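**Student:** Residue numbers (the working numbering): 36 to 1045.
Where a beta carbon is used, it is the ideal one built from N, C-alpha and C, also for glycine.
Bear in mind that the values here come from a model prediction, so they are computed numbers and not experimental data.
I'd like to ask some things about the structure below.
Okay, structure coming up:
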């Protein structure tokens, strides 16, 4: 029987020790804080929104909770969004609630409750009392997943929290919790066992003593999922949670799965639930035989009537919402709507993403809807017939990323339920990187999108279960390449929902996120990891099997929560159509034919003959439990026998950091997890392209780096939010670190020389200039029409030479870097940001001579912001010089012309000479204008005034000011175009000096100093 007394667990769970994350900045690297990452988006497909909470007194203010991208707030109905929950220790959101009595109070339950194989987890419940400006963790730290937060409508201190608990294992801290003191302490008021938690809770708006709660038993494993059991059921309390009884009248007997609850606000006697029960689940969205569906009660849950069997993919969300003003109108996922109390459902015209997670209906105006789905947020004002889409919410969930070698380079990656996309690492637009700069190259759930860097127009795009297409990104033609096998060939690893075809060849099984690699030795050779490992030497047109690297375990022999997989198992293996399969693959970039492969059932194997034979390396990993998921393999580019391996056991409820290095081709392995904070869940390990001691680690809670081959690790903040880093790559020419985050899109850390070159000797030196990459004088322009404020703008890299400085003892105010030509002439000085402590300081020289006039800080059509920039430097070699801490350090670097600019040496000479002449003229005229203006002020204040001299001085000052503006216009028109002046401009260059000479003569004639 369920436990349901306050005395059972009256605990101050707010003091519970967190089992997962340290603070995001724990073991950080503050000396590298100047190396900032920039977000390039995209936001046009957004990402999974799991909950929405609205201030009903002002519905223009609402919050959106992202599966792995934190919480976002809008105060203007979705025009502008601000991330308000992005620097906490976790990023995953399960539930949101706004206190309608005091909308400044907002609750966030962390850890999404969608039960996906890619679901993340949280560290309890957070509360804000200032509208999301600040947050405090108020407990339930070991909950990991929170499905609902319900606030007593008459007492803000009374809060219920539905905790389904750990997704991948048993834990006692699950069930329905209640606080009567605003979250200071919590009581477990409804629970059953270590496998059963609470998935929904609803409070009767007319009588807060009446509370409904849904218990839910579920467990996920690497090989499958079970979404129900004897512990699940619907419960009711009439004494504010002190006692509970199960509601059964009219509800189906036997085991049930997920249950959603919705109370009709105008008449709380009417209650709806969505209930899961069925047989032969297809591992996708439905049952072969539906026994659950939509149920309605008209007596506060005492009796129920089945309205229909509609309940698409219940394990994922199972949300049901009744219109607060119309008891017959019901909303469910897949944006399905019923107007007859759930008897029939229709799926209206959908211009948004079809996989819905939550719908909010305005209680004051039922036409007004806000919808959260796997593609972001939509707003409707006609009950969902038409939608306004929020295309400025950058919460896209990338799985993988690759980078081209074109200039500028572009990146490609696959996203959860939003296909595969490519976009630029930078644009030449002052508006930044916009959604329109991205383009789609694949559908479904996107994963590996690998660019053939020998032509930079071929992308191998993969979707779930390794559907592969070869895409020409110029023509957008796509060729399907997925291997097939004949009847009787290949392993049979599917469940009830994966029958073999009756006609033609069958599709061989593959994992949800399967590896795909282009050989670094031959671009025509590719590898595809499924249950079998495949290779092709003609770009995927024909395939050859390299064998089955898995253990071959029959997953039908594996149990979850003691339950064998049977036809009546609820949500059987949801999202895991096949097991076991290949999960990781690496080819040595040094040695052709040296291959490593890893599987989701824990095998690691090596081949030294291109896959003809294999050696099992699995027994040689110390301390790794059998069948632990192989997350990443990386063969070294520096030493032929060096290889790295990462395992991720969190899907088996093992959160240990498993990270290893071998220097003997995998014969022996040693752990290099060293001082990594616990429970990071490693997704990918990558060796730097220039420094073998520098490794990058993408984890569920951000990026970690080591400068000493794994002896010590540091969290790399980079100004990024707390977010999963699922993949990363170093773009070799630009030396940029490109990150695929699973919740905030793609981020780029420009030019990581400081990481690559930081040695003990550098650290001990007073000052050091790191390598400076060749810098291009990119011309920027305003290229887009006015778009308003509801626009996502990705950040371009700075135009100029990025100069990173090591300053052991800090940087005094006023310190500058001098820029000299190869001949030794100083052309610019670049200020360094003052820093009181030691670390890396980043400066950018804009590749121009000193400016003539500072801009107003805005952005005009030429990107000058109203200022007059100095002319561009002449392409060639330059030297940066820095005197700091008693040391003089220098570094040479190259300045290159924009690749789009066509300028002969003679034309450049004419252009720069003209600009120098105009600049000199501008300075002379400005000096005269300033002097004349001051003299006018002096004469005007003198008593008695000399009217003749004052009139003459005023005329000189006004004429000089006009001349300055005319020269400024001439300079601006000349500097913004990489060409010698026009005939008219040359004429002005001859005319303006004569005007200046005349003015100077008049000025001298006044008897004042010029």
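Comparing C-alpha positions only, which one of 282, 415, 577 sits nearest to residue 400?
**Tutor:** Per the Cα distances, 415.
**Student:** Below 6 Å CB to CB, which residues in the same chain sit around residue 496 once its five sequence neighbours on both sides are set aside?
**Tutor:** Here the set comprises 455, 476, 477, 484, 504, 506.
**Student:** Please classify residue 83 as buried or exposed, where buried requires at least 16 other C-beta atoms within 10 Å of its C-beta.
**Tutor:** Classification of residue 83: buried, given that the 10 Å Cβ count is 16 or more.
**Student:** Report yes if the CB atom of residue 234 is closer than 9 Å to the CB atom of residue 281, and no otherwise.
**Tutor:** No, the pair does not count as a contact, with Cβ atoms beyond the cut-off.
**Student:** Can you tell me whether residue 515 is helix, strand or coil according to DSSP?
**Tutor:** Residue 515 falls in the strand class under three-state DSSP.
**Student:** Measuring only the C-alpha atoms, how far is residue 904 from residue 950?
**Tutor:** Cα-Cα distance, rounded: 11 Å.
**Student:** Restricting to Cα atoms, I'd like to know which of 857, 713, 615, 699 is closest to residue 665.
**Tutor:** Ranking 857, 713, 615, 699 by Cα distance to residue 665 puts 615 first.
**Student:** With DSSP collapsed to three states, give me the class of residue 675.
**Tutor:** Three-state result, residue 675: coil.
**Student:** Which residues in the same chain have their Cβ closer than 6 Å to the Cβ of residue 57, if we skip the five residues on either side of it in sequence?
**Tutor:** Its pLDDT being 41, under 50, residue 57 is placed unreliably by the model, and nothing is read from it.
**Student:** At which residues does the beta strand (DSSP E) containing residue 961 begin and terminate?
**Tutor:** Not the beta strand (DSSP E): residue 961 falls in the alpha helix (DSSP H), residues 940-976.
**Student:** What span of residues does the alpha helix (DSSP H) with residue 795 cover, start to end?
**Tutor:** 795-799 is the extent of the alpha helix (DSSP H) around residue 795.
**Student:** Just grab the DSSP bridge partners of residue 464 for me.
**Tutor:** Looking at the DSSP assignment, residue 464 forms a beta bridge with 816.
**Student:** Is the beta carbon of residue 464 sitting closer than 9 Å to the one on residue 817?
**Tutor:** For residue 464 and residue 817, yes; Cβs fall inside 9 Å.
**Student:** With residue 453 as the anchor, note down where its alpha helix (DSSP H) starts and where it stops.
**Tutor:** Per DSSP, residue 453 belongs to no alpha helix (DSSP H) and is neither H nor E.
**Student:** Terminal residues of the continuous beta strand (DSSP E) containing residue 101?
**Tutor:** Run containing residue 101: 97-101, per the beta strand (DSSP E) assignment.
**Student:** Identify every residue that forms a DSSP beta bridge with residue 836.
**Tutor:** In DSSP, residue 836 forms a bridge with 880.
**Student:** What is the DSSP secondary structure of residue 1034, counted as helix, strand or coil?
**Tutor:** Note: residue 1034 maps to helix in three-state DSSP.
**Student:** Hey, residue 633 and residue 663 are a contact pair by Cβ (cut 8 Å); roughly how many whole angstroms apart?
**Tutor:** Not confirmed; about 10 Å, so no contact.
**Student:** My output table needs one value for residue 1027: the three-state DSSP class, helix, strand or coil.
**Tutor:** Note: residue 1027 maps to helix in three-state DSSP.
**Student:** Counting beta carbon pairs with one atom in the segment 753-770 and one in the segment 86-93, are three or more of them shorter than 8 Å?
**Tutor:** These segments do not touch.
**Student:** What does the alpha-carbon distance come out to for the pair residue 446 and residue 71?
**Tutor:** Computed Cα separation, rounded: 19 Å.
**Student:** Pairing CB atoms from the segment 91-105 with CB atoms from the segment 741-749, are three or more of them under 8 Å?
**Tutor:** Output reads no: the segment 741-749 does not touch the segment 91-105.
**Student:** Figure out for me which residue from 927, 814, 874, 849 has the closest Cα to the Cα of residue 1010.
**Tutor:** Comparing Cα-Cα distances from residue 1010 to each of 927, 814, 874, 849, the minimum goes to 814.
**Student:** When you compare only the Cα positions, how much space is there between residue 933 and residue 913?
**Tutor:** Going from the Cα of residue 933 to the Cα of residue 913 covers about 17 Å.
**Student:** Report the CB separation of residue 834 from residue 607 in whole angstroms; it is logged as a contact under 8 Å.
**Tutor:** With a Cβ gap of about 55 Å, residue 834 and residue 607 do not count as contacting.
**Student:** Can you look up residue 1022 in the DSSP assignment and give me helix, strand or coil?
**Tutor:** Correct three-state label for residue 1022: helix.
**Student:** Around the Cβ of residue 997, are there at least 16 other Cβ atoms within 10 angstroms (buried) or fewer (exposed)?
**Tutor:** By the neighbour-count rule (16 or more Cβ atoms within 10 Å), residue 997 is not buried but exposed.
**Student:** Taking three-plus beta-carbon pairs below 8 Å as touching, is the segment 314-333 in contact with the segment 562-578?
**Tutor:** As far as the Cβ criterion goes, the segment 314-333 does not touch the segment 562-578, which means the pair count is below three.
**Student:** Quick test of your reading: residue 406 and residue 390, contact by CB under 8 Å. State the CB separation rounded to the nearest angstrom.
**Tutor:** About 11 Å; that fails the 8 Å criterion.
**Student:** Use the C-beta contact count for residue 500: other C-beta atoms within 10 angstroms, 16 or more gives buried, fewer gives exposed.
**Tutor:** Classification for residue 500: buried.
**Student:** What residues match up with residue 765 in a beta bridge as DSSP calls it?
**Tutor:** In DSSP, residue 765 forms a bridge with 772.
**Student:** Give the straight-line distance between the Cα atoms of residue 242 and residue 296, rounded to the nearest whole angstrom.
**Tutor:** Approximately 16 Å, taken between the alpha carbons.
**Student:** Going by alpha carbons, who is nearest to residue 544 out of 517, 557, 709?
**Tutor:** Nearest of 517, 557, 709 to residue 544, Cα basis: 517.
**Student:** Closest to residue 625 by C-alpha separation, out of 136, 557, 655, would be which residue?
**Tutor:** Ranking the options by Cα distance to residue 625, first place goes to 557.
**Student:** If you run the structure through DSSP and keep just helix, strand and coil, what is residue 424?
**Tutor:** Reduced to three states, the DSSP call for residue 424 is strand.
**Student:** What residue range is occupied by the uninterrupted beta strand (DSSP E) comprising residue 144?
**Tutor:** Per DSSP, residue 144 belongs to the beta strand (DSSP E) from 141-145.
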